[in-house]
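Residue numbers (our numbering), protein chains in the order written: chain A, 1 to 135; chain B, 1001 to 1135.
Beta carbons are placed, not taken as given, at the ideal position from N, Cα and C, and that holds for glycine.
Down below is the structure, laid out as structure tokens.
There are 2 protein chains.
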Amino acid sequence: MNPALRRFVQETDFTPETNVWTTNVWLSRPDLVAAEQLLLVRATMEPGRSHPFHKHPTREEIIYVIEGRAEQWVEREHRVLKPGEIAHIPVNTVHGTWNPFGERLVFLAILAPAKAAPPDIVDVSEEEPWRSLRR
Amino acid sequence: MNPALRRFVQETDFTPETNVWTTNVWLSRPDLVAAEQLLLVRATMEPGRSHPFHKHPTREEIIYVIEGRAEQWVEREHRVLKPGEIAHIPVNTVHGTWNPFGERLVFLAILAPAKAAPPDIVDVSEEEPWRSLRR
């Protein structure tokens, strides 16, 4: 379907993709819907997995927990987020998500704007202070 | 707490508010967090309630169903959305949400940008074709 005309993304449209951190189902992206402002992806992170410290130079982000718990860091602060709780990550702010718990974590990553200059992501997990922060 | 410095919104921060359509918990808004791009609210709609046809002249929106089912309209198209499914609503596009089902509906409304020119919302539910469309 022409993404400019698609107004609904339902179960039959879901196409899971797996990366090194999570399994993802994209729900809003310019190749799916007429997204100018909003990117939305639902991510599943298995126990023991993480998405270490990184930043998005051109987008603001919210992490919303759906199921399980997230050890969520934003710069040097962290919280254990339960379902219904969020982290707000200003543009170009270092953050990371860990699942050291015994159950899978499902969360939404919401980013804006949808159309923004590259790079989408900058990994800082091997740079100080981030490399040593969580130890 | 100074919203410019708040990075997490958790259960102890929740302050429900009720309007004529839903009971809401705001999760991202400029008076809560450093939101420039992203508004996020979790809405609970009881059986038999609705938010009839309206539009947001300056913001794009996503409806994400958490619990229950939504009869979701975007212009003249509608779907019954289940948990995990979405509607994408381009800027200034007429839409509405109904809960004619027997269980409560919980959904996220995600809007961007956070900071935008007024009005936030324009009610078109008494204008044709919207007034007669769902009958």
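Paired residues, beta bridge with residue i - DSSP
i: B:M1045; result: B:L1105
i: A:K55; result: A:V122
i: B:R1079; result: B:Q1072
i: A:F8; result: B:A1087
i: B:L1040; result: B:S1028 and B:I1110
Beta carbon of residue i nearer than 8 Å to that of residue j
i: B:Q1037; j: B:P1113; result: yes
i: A:I63; j: A:A35; result: no
i: B:V1106; j: B:E1067; result: yes
i: A:E71; j: A:T93; result: no
i: A:R125; j: A:H56; result: According to the sequence provided, residue 125 of chain A is Ser. The question's Arg does not apply to it. No, Cβ-Cβ distance for A:S125 and A:H56 is not below 8 Å.
i: A:N99; j: A:E46; result: yes
i: A:L39; j: A:S28; result: yes
i: B:A1109; j: B:V1041; result: yes
Helix, strand or coil at residue i according to DSSP, with G and I counted as helix
i: A:P3; result: helix
i: A:S125; result: coil
i: B:W1021; result: coil
Where residue i falls, given that 16 or more other Cβ within 10 Å makes a residue buried
i: B:F1014; result: exposed
i: B:V1122; result: exposed
i: B:R1131; result: exposed
i: B:A1043; result: buried
i: B:G1096; result: buried
i: A:V33; result: buried
i: B:P1119; result: exposed
i: A:P129; result: exposed
At a Cβ cut of 9 Å, what residues of the region 1101–1132 of chain B count as close to chain A, listed as they run along the chain? L1108, I1110, L1111, A1112, P1113 and A1114
If you measure beta-carbon to beta-carbon, which residues of the region 1009–1041 of chain B are closer than 9 Å to chain A? V1009, Q1010, E1011, D1013, F1014, V1025, L1027, S1028, L1032, V1033, A1034, A1035, E1036, Q1037, L1038 and L1040
What are the residues in the region 1068–1080 of chain B lying within 8 Å of chain A by C-beta distance? Taking 8 Å as the Cβ-Cβ cut-off against chain A, the residues of the region 1068–1080 of chain B that qualify are Q1072, V1074, E1075, E1077 and R1079.
At a CB distance below 9 Å, what residues from the region 1043–1055 of chain B approach chain A? Give them in sequence order. none
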